[in-house]
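Taking it in order: structure first as structure tokens, then the write-up.
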Amino acid sequence: MTFYAVDKLVERGARVRLGSLERSIMEALWEHPEGVLAQDVAAALTPRPAVTTVLTVLVRLVDKGLVSRERQGRAHLYTASMSKDALAAEAMRAALADAGDLEAAVNRFVGTVPPEVAEALRAALADRESS
3 MTFYAVDKLV ERGARVRLGS LERSIMEALW EHPEGVLAQD VAAALTPRPA VTTVLTVLVR
63 LVDKGLVSRE RQGRAHLYTA SMSKDALAAE AMRAALADAG DLEAAVNRFV GTVPPEVAEA
123 LRAALADRES S
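Counting from 3, one number per residue, gives the positions in the sequence shown under our numbering.
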């Protein structure tokens with residue numbers, strides 16, 4: 003699967019903020035990378051929303067560039083356009099972009115992460131510097 007939505011979001015300057023139903027729908031899509039129909043998404047959610055509600059949210063997620071759809075007969079097959087990791091990275095990028103004092107925000111963030119996250123940050127920065 004090709005994920006391209008991050009570039010589209012950054013290019014548009016969009017912020018990624020998902021409501022609870024949007025998040026639940028994205029989770030269902032990530033669990034089915036082959037794609038899923040709206041009625042199957044609705045059936046997978048608890049409490050079970052109306053299919054029309056799920057369709058409305060899916061269209062909004064398509065508009066945000068987070069979901070793609072492909073016609074299958076009279077219905078659409080929906081797939082995530084962005085991996086869960088890419089969405090998390092974009093949310094962090096957007097949060098830092100919104101920070102009034104970038105250095106203070108980064109320092110506060112780094113001071114709150116567990117050791118394994120700090121190590122992942124160090125490794126990512128080292129990889130970036132060696133590239």
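Just so it is clear, CB atoms sit at the ideal spot from N, CA and C, and this is done for glycine as well. Only a predicted model underlies this, so the values are computations on that prediction, with no experimental measurement involved.
If you draw a straight line from the Cα of residue 108 to the Cα of residue 54, it comes to about 41 Å. Within the same chain, Cβ atoms closer than 8 Å to the Cβ of residue 43 are found at 27, 30, 31, 56, 60 and 80, the five residues on either side in sequence being excluded. In the three-state DSSP reduction, residue 121 falls in the helix class (H, G or I). The Cβ atoms of residue 39 and residue 82 lie no closer than 8 Å to each other. DSSP, read as helix, strand or coil, puts residue 76 in coil. Annotation: residue 123 to residue 74 spans about 42 Å, alpha carbon to alpha carbon.
Of the residues 48, 63 and 37, the one whose Cα lies closest to the Cα of residue 24 is 63.
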